[in-house]
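Notes to accompany the following structure.
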DNA sequence: CGCCGGTTTGACATACTTCAAGAGAAGTGG
DNA sequence: CCACTTCTCTTGAAGTATGTCAAACCGGCG
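Residue numbers (this note's numbering), protein chains in the order written: chain A, 1 to 244; chain B, 1001 to 1244.
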């Protein structure tokens, strides 16, 4: 369920200020955005957008986790993107969205009406530039995932997935203990992300626990014990980046 | 092997004029591009760019077919994109490319030095806009393909692939007989595109021939005989778009 | 003609799925 | 605070789509 918050936080204090679409904006440009924006909140499990919905607004994910997914008629589903804070939802230029966006945790969006936002793109090149950049980054990620989906084994998929979590979590400056990781997804969701069944995910995770590569404190929190082994298991670059 | 052609064709007579990055350009903007561009030709099988190469130029594919691919150390490879005329190669803002680009047929590129091109993006919004649009389109395609790679059966993959060929070939206004199709890839390449082995591709194609869904005239030319059955076999929207 | 890349076909192997049952957590309501 | 339901995860046994290995074929091309 949507909750519209009236309170508009200052963009300058926004946690995703330097990574979102607005990253490159000058103070004046930021002012324009600030007048346009609204916050919306969603509870874990809430659908944010359904495939085929008219896209009246676009948004930056401020806090929380969401998934992009596609579902076939018989129920098979494939997650095609994992949205973390600073990621962008929606596409200027298209009025319809082509997949489902679902809140995985409680989350809040920074929304802009699509039309005015599109106008802004035309007039402020900093946003357009950043948008191209973000789209191309996502494209790289999507292509990396195509390799994973098409060619990697179950074990490699899991290892790659964990490795990605590690990197994205570090990147976003969440400076908790370097090794403590939050797993926002259920195993069924992981399965949908990796093109596997939940049973296979469970079995592979158990195996990696038993082998001492990862260790779970509870269902949602774990840490990587053996990084080299994890890298090894991804199937990527056999040497990989030396330890963090 | 690269051949640099000196002759600069008029942009206004270019076959991909209205679909490539330059689609939206005004005559004056086109002039600027015209001064910047060079043509390069490649023979079938030539590598155009290797993963890790420095990206000194970006380009539009004018004629021919190329593939984007990723290869793992042990040789497994996954094609992550199929480039047809008007598609764009390279990404402004990044100096390195993250996958291999290979010419499948003889082809010609319309190249721009990356630096001047990036400058142009800053100054002419029409190019930036078109670039966002194209990047987001590619992203949609990539995500559709993720569903295919992660969840579809071999048969659904093949059917979807053929269906895509049909649509792209029609779209690009090549007005030969509506049903006659050119298959630019070998079965091994198709396999790499679909996350299968060549044997599976061969078997599924044979099956579809036997069932009278498609028909081959020679190794590279075929036609779809039974469109409804083809749609059915893709696993998408069971009704699908009524016949063309 | 004989080679060579691409394709076909068969027999066999296996990684992953499917089906099924049970055990923990975790939320819900009295 | 304790039953009761509902998720989520675990583990096993059996099935299957697809991969692997191997041989033969086919059409071009030098």
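In this text, a Cβ means the ideal position worked out from N, Cα and C, and glycines have one as well. Given the structure is predicted, the values throughout are model-derived calculations rather than measurements.
DSSP-derived helix/strand/coil call for residue i
{"i": "residue 1011 of chain B", "result": "helix"}
{"i": "residue 1125 of chain B", "result": "helix"}
{"i": "residue 1065 of chain B", "result": "coil"}
{"i": "residue 1195 of chain B", "result": "coil"}
{"i": "residue 40 of chain A", "result": "strand"}
{"i": "residue 242 of chain A", "result": "With a pLDDT of 49 at residue 242 of chain A, under the threshold of 50, the modelled position of this residue cannot be trusted; read the value that follows with caution. In the structure shown, residue 242 of chain A sits in coil (DSSP, three-state: anything other than H, G, I, E or B)."}
{"i": "residue 96 of chain A", "result": "strand"}
{"i": "residue 223 of chain A", "result": "strand"}
{"i": "residue 1205 of chain B", "result": "helix"}
{"i": "residue 1025 of chain B", "result": "coil"}
{"i": "residue 1232 of chain B", "result": "helix"}
{"i": "residue 1134 of chain B", "result": "helix"}
{"i": "residue 116 of chain A", "result": "helix"}
{"i": "residue 1056 of chain B", "result": "coil"}
{"i": "residue 1183 of chain B", "result": "coil"}
{"i": "residue 200 of chain A", "result": "helix"}
{"i": "residue 154 of chain A", "result": "helix"}
{"i": "residue 16 of chain A", "result": "coil"}
{"i": "residue 213 of chain A", "result": "coil"}
{"i": "residue 1105 of chain B", "result": "coil"}
{"i": "residue 218 of chain A", "result": "strand"}
{"i": "residue 1001 of chain B", "result": "Here residue 1001 of chain B scores only 48 on pLDDT, less than 50, and its place in the model should not be relied on; the value that follows carries that caveat. Coil at residue 1001 of chain B, not helix or strand."}
{"i": "residue 72 of chain A", "result": "coil"}
{"i": "residue 82 of chain A", "result": "strand"}
Test item: CB-CB of residue i and residue j under 8 Å
{"i": "residue 141 of chain A", "j": "residue 110 of chain A", "result": "no"}
{"i": "residue 1100 of chain B", "j": "residue 1064 of chain B", "result": "no"}
{"i": "residue 1192 of chain B", "j": "residue 1038 of chain B", "result": "no"}
{"i": "residue 1071 of chain B", "j": "residue 1081 of chain B", "result": "no"}
{"i": "residue 1092 of chain B", "j": "residue 1016 of chain B", "result": "no"}
{"i": "residue 1019 of chain B", "j": "residue 1129 of chain B", "result": "no"}
{"i": "residue 1088 of chain B", "j": "residue 1036 of chain B", "result": "no"}
{"i": "residue 132 of chain A", "j": "residue 1135 of chain B", "result": "yes"}
{"i": "residue 154 of chain A", "j": "residue 124 of chain A", "result": "no"}
{"i": "residue 96 of chain A", "j": "residue 53 of chain A", "result": "yes"}
Whole-number beta carbon distance between residue j and residue i, since they are thought to touch under 8 Å
{"i": "residue 138 of chain A", "j": "residue 1055 of chain B", "result": "About 19 Å separates the two Cβ atoms, so there is no contact after all."}
{"i": "residue 1127 of chain B", "j": "residue 1021 of chain B", "result": "6 Å"}
{"i": "residue 160 of chain A", "j": "residue 234 of chain A", "result": "5 Å"}
{"i": "residue 1051 of chain B", "j": "residue 1090 of chain B", "result": "The pair is not a contact, with the Cβ atoms about 13 Å apart (cut-off 8 Å)."}
{"i": "residue 1196 of chain B", "j": "residue 146 of chain A", "result": "Not a contact, Cβ separation roughly 13 Å."}
{"i": "residue 1209 of chain B", "j": "residue 1216 of chain B", "result": "7 Å"}
{"i": "residue 102 of chain A", "j": "residue 190 of chain A", "result": "Not confirmed; about 14 Å, so no contact."}
{"i": "residue 1011 of chain B", "j": "residue 1033 of chain B", "result": "6 Å"}
{"i": "residue 1187 of chain B", "j": "residue 1202 of chain B", "result": "6 Å"}
Discussion item. Counting beta carbon pairs with one atom in the segment 1156 to 1170 of chain B and one in the segment 1113 to 1131 of chain B, are three or more of them shorter than 8 Å?
Written reply: no
Item to complete: Give the residues from the segment 134 to 155 of chain A that approach chain B closer than 7 Å (Cβ to any Cβ), ordered along the chain.
Response: 135, 136, 138, 139, 140, 142, 143, 145, 146, 147, 149, 150 and 151
Practice prompt. Note down, in chain order, all residues in the segment 1063 to 1075 of chain B with a beta-carbon under 7 Å from any beta-carbon belonging to chain A.
Written response: 1070, 1072 and 1073
Worksheet item: Any chance the segment 177 to 187 of chain A sits against the segment 216 to 235 of chain A, with 3 or more Cβ pairs inside 8 Å?
Response: yes
Worksheet item: Is there contact between the segment 1035 to 1050 of chain B and the segment 1086 to 1106 of chain B, where contact requires at least three CB pairs shorter than 8 Å?
Response: yes
Worksheet entry | Residues within the segment 1112 to 1133 of chain B neighbouring chain A, beta-carbon criterion of under 8 Å | 1121, 1122, 1125, 1128, 1129, 1131, 1132 and 1133
Discussion item. Short of 9 Å Cβ to Cβ, which residues in the segment 1078 to 1099 of chain B face chain A?
Written reply: 1078, 1079, 1080, 1081, 1091, 1092, 1093, 1094, 1098 and 1099
Practice prompt. Pull out every residue of the segment 1208 to 1237 of chain B whose Cβ sits closer than 8 Å to any Cβ of chain A, in chain order.
Written response: 1235, 1236 and 1237
Worksheet entry | Positions along the segment 49 to 62 of chain A whose CB lies within less than 8 Å of some CB in chain B | none
Discussion item. Can you pull out the residues from the segment 183 to 208 of chain A whose beta carbon lies closer than 9 Å to at least one beta carbon of chain B?
Written reply: 192, 193, 194, 195 and 196
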